[in-house]
């Protein structure tokens, strides 16, 4: 399988103090690293899932992949071309081949445009006005399982699940090679959530599109994803094939996340690993292992030495002094 | 038989809309026994929010209550005057909302807000501050005395929700309504908040009405569960009865749909086909019939009766009777 996207040592920084503030407060580094040294690779027709809590840098990385935020270091290659150094014209071509599904299904649709106009907007933006937009609209609505008369509707007339389908149709319009989906099921009911995930899975099987999915819902990851990365404070603490992550989680944070999922069974045995405290601030990263302030399995050098990378079965890696 | 803190009988709420009367909630029965946690599950549009608003009497202007009784500590809330109702809200009955950031006032310090809501108590300022500090400590906020001076934006989401809970419990209410309090939080924080609620409930001895669409959370936290669909309560019982022996087809489906319950990898997840019926022009018969797998001739014409299928386990479905 050919590789569609490869990120190497990607780092995304935000300035949090002005030059003068930094000088006056004697801060040597006026930046925070929202994403730090992450590497990943997505093959054709595969889904890569990024899991982490709010503020862990998931969306920042997605924006950097889409070329909407500059990467401070590292490279993001899309079929060989480095996104971080593209000029404006190349960027335009690149964006024709990827598409973004935003988190809020209704909020990401303009309230003043009809569904038909929204779905065909990508053609207009990318200068393909000559196409038969009406026919394209019918084709796309059919693909996502909405009846044809929906093209006349406006976003406020749609339910959450329908709005999400419109978002999927919009993302599919230009036949992209990669779809970036930020929390595709957030805010949807469980029954509707299943419909959307089935739709994404089916489209991937039919069209061979690759997907970069962001979520904090571990329950759905197992069913949609091939590769998974667990993110904490802007770093991947554990990554590898999804099946391995679920069957053999080794990093304490992954274990805690997996066990934090309440099961719909009142008598379920809860072997829960509970985390103490709150996520540390990016302004003040802990020394040593960055997870040590919340880790239940604290060892000797966790608070002083940055942990080494362990590799299991070639593809499953994690950063921890004492993997479980 | 334990006494109920809250008893709702045959409660309906309608909204006037341009299209006609929208029957958002119909003939709802609900019991909250003293010292227990009752969960309400249901998908969007099932009437969960309407039910809470009806209990605390904060319904929208275009609503009417054609019938029903909301009995809280042996008083019918629907018959109270606005002043009497105000004395109950925040004192005997309080609420924690979904989004902590919009619950707290962003321009006042936490301490100021916590002292302000004790306006009913005839205590000195120092005592009120002391009480606020104790409450913050009891919800697990480290160094509470100095944090009282801070503003909501200086706290993380999980901390803000803890503060909202502290404020809701400050007056030691007998009923706490929690409206999806963990939806805006991450998985690990969600677990922390559930444990906190359970510990505080045992401590204070209040009852909790817990609204959520997360089945796992309900299973872990609650004693009883109420399942709502399209404005009706379709099933009610103990958590283990409803989760292990669901009697209504909708409950059954809902449990199957939760991906947390599906351990093996599957590219095709179960769903509930079809949509919620239009609540302006209600179809005759059972409300769930258009999505039900076990639909019978009877379902088309007769509204199923609210019956006790086994002890303490109520359901409205023709199938469970036949």
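Protein chains in written order, with this note's numbering: chain V, 1 to 324; chain D, 325 to 646.
Glycine included, every Cβ here is placed at the ideal spot set by N, Cα and C.
Model, not experiment: these values are computed from the prediction.
Q | Closest Cα partner of residue 504 of chain D within the set D:366, D:350 and D:329 | A | The residue with the shortest Cα to Cα distance from residue 504 of chain D is D:366.
Q | beta strand (DSSP E) segment containing residue 337 of chain D, residue limits | A | 328-341
Q: Apply the 10 Å Cβ neighbour rule to residue 597 of chain D and answer buried if 16 or more other Cβ atoms are within range, or exposed otherwise.
A: By the neighbour-count criterion, in which a residue is buried when 16 or more other Cβ atoms sit within 10 angstroms of its Cβ, residue 597 of chain D is exposed.
Q: Starting from the N-terminal side, write out each stretch of the alpha helix (DSSP H) that is 4 residues or longer and does not extend beyond the segment 356-400 of chain D.
A: 372-379
Q. Residue 290 of chain V to residue 236 of chain V, Cα distance in whole Å?
A. Cα-Cα distance, rounded: 11 Å.
**Q.** Element boundaries [alpha helix (DSSP H), containing residue 575 of chain D]
**A.** 573-581
Q: Check the Cβ-Cβ distances between residue 571 of chain D and every residue of chain V, and say whether any is below 8 Å.
A: no
Q) Whole-angstrom Cβ separation of residue 298 of chain V and residue 310 of chain V, contact assumed at under 8 Å? A) The pair is not a contact, with the Cβ atoms about 18 Å apart (cut-off 8 Å).
Q. If we ignore side chains and look at the alpha-carbon of each, how far apart do residue 538 of chain D and residue 89 of chain V end up?
A. 46 Å
Q) Using the beta-carbon of each residue, which ones in chain V are nearer than 8 Å to residue 480 of chain D? A) Within 8 Å Cβ-Cβ: 278 and 279.
Q.
If we define contact as Cβ-Cβ less than 8 Å, is residue 260 of chain V a contact residue for chain D?
A. yes
Q. Looking at residue 443 of chain D and the ligand SAM, is the gap between the Cβ and the nearest heavy atom below 7 Å?
A. The ligand SAM is absent from the structure shown, which contains no ligands of any kind.
Q. Should residue 477 of chain D and residue 430 of chain D be called a contact, given that it needs their Cβ atoms to be closer than 8 Å?
A. yes
Q. If you measure from the beta carbon of residue 160 of chain V to each beta carbon in chain D, is any gap under 8 Å?
A. With 8 Å as the cut-off, residue 160 of chain V counts as an interface residue toward chain D.
Q: Under 7 Å Cβ to Cβ from residue 37 of chain V, same chain only, skipping five residues before and after it: list those, please.
A: Same-chain partners within the cutoff: 9, 11 and 235.
Q: Could you tell me whether the Cβ of residue 376 of chain D comes closer than 8 Å to any Cβ of chain V?
A: no
Q: Return the chain-ordered list of same chain residues with a C-beta closer than 8 Å to the C-beta of residue 86 of chain V, the five sequence neighbours on each side being excluded.
A: 67 and 94
(Q) When you compare the CB of residue 223 of chain V with every CB in chain D, is at least one pair closer than 8 Å? (A) Yes, because at least one Cβ of chain D sits closer than 8 Å to the Cβ of residue 223 of chain V.
Q. Since residue 613 of chain D meets chain V, which of its residues come closer than 8 Å, beta carbon to beta carbon?
A. By Cβ distance, chain V contributes nothing, its closest Cβ being about 17 Å from residue 613 of chain D, past 8 Å.
**Q.** Identified DSSP bridge partners for residue 35 of chain V
**A.** In the DSSP output, where bridge partners are listed per residue, residue 35 of chain V has V:12.
Q) Can you list the residues of chain V that residue 589 of chain D reaches, using a CB-CB cut of under 9 Å? A) 222, 223, 242, 243 and 246
Q. Are the CB atoms of residue 7 of chain V and residue 98 of chain V nearer to each other than 8 Å?
A. No, the Cβ-Cβ distance between residue 7 of chain V and residue 98 of chain V is not below 8 Å.
Q: Measure from the C-beta of residue 82 of chain V to each C-beta in chain D and report whether the shortest distance is under 8 Å.
A: no
Q: Identify the contact partners of residue 470 of chain D in chain V, using a Cβ-Cβ distance below 9 Å as the criterion.
A: Ordered by position in chain V, no residue passes the 9 Å Cβ test against residue 470 of chain D, which lies about 16 Å from the chain.
Q) In chain order, what residues of the same chain lie with their CB nearer than 7 Å to the CB of residue 151 of chain V, ignoring the 5 residues before and after it? A) Excluding residues within five positions, the ones whose Cβ falls inside 7 Å are 114, 115, 116, 137 and 141.
Q.
With a threshold of 8 Å between beta carbons, is residue 198 of chain V in contact with chain D?
A. yes
Q. Taking 8 Å as the CB-CB cut-off, is residue 526 of chain D touching chain V?
A. no
Q. Based on Cα-Cα distance, which residue from V:171, V:222 and V:156 lies nearest to residue 592 of chain D?
A. V:222
Q) What are the boundary residues of the beta strand (DSSP E) that residue 443 of chain D is part of? A) Run containing residue 443 of chain D: none; DSSP gives neither H nor E here.
Q | Limits of the unbroken alpha helix (DSSP H) element including residue 458 of chain D | A | 449-462
(Q) Let me confirm a value: residue 20 of chain V is counted as buried when at least 16 other C-beta atoms fall within 10 Å, else exposed. Which label applies? (A) Looking at its Cβ environment, which holds fewer than 16 other Cβ atoms inside 10 Å, residue 20 of chain V is exposed.
(Q) Any beta carbon of chain V sitting closer than 8 Å to that of residue 344 of chain D? (A) Interface criterion not met: the Cβ of residue 344 of chain D is under 8 Å from no Cβ in chain V.
**Q.** residue 637 of chain D at chain V interface by Cβ criterion, 8 Å
**A.** no
Q. Excluding sequence positions up to five away, which residues of its chain have a Cβ less than 7 Å from the Cβ of residue 195 of chain V?
A. Hits under 7 Å: 161.
Q. Would residue 306 of chain V be called buried (16 or more neighbouring beta carbons within 10 Å of its own) or exposed?
A. The residue in question, residue 306 of chain V, is exposed, as its Cβ has fewer than 16 Cβ neighbours within 10 Å.
Q: Would you kindly work out how many angstroms separate the C-alpha atoms of residue 513 of chain D and residue 279 of chain V, rounded to a whole number?
A: 10 Å
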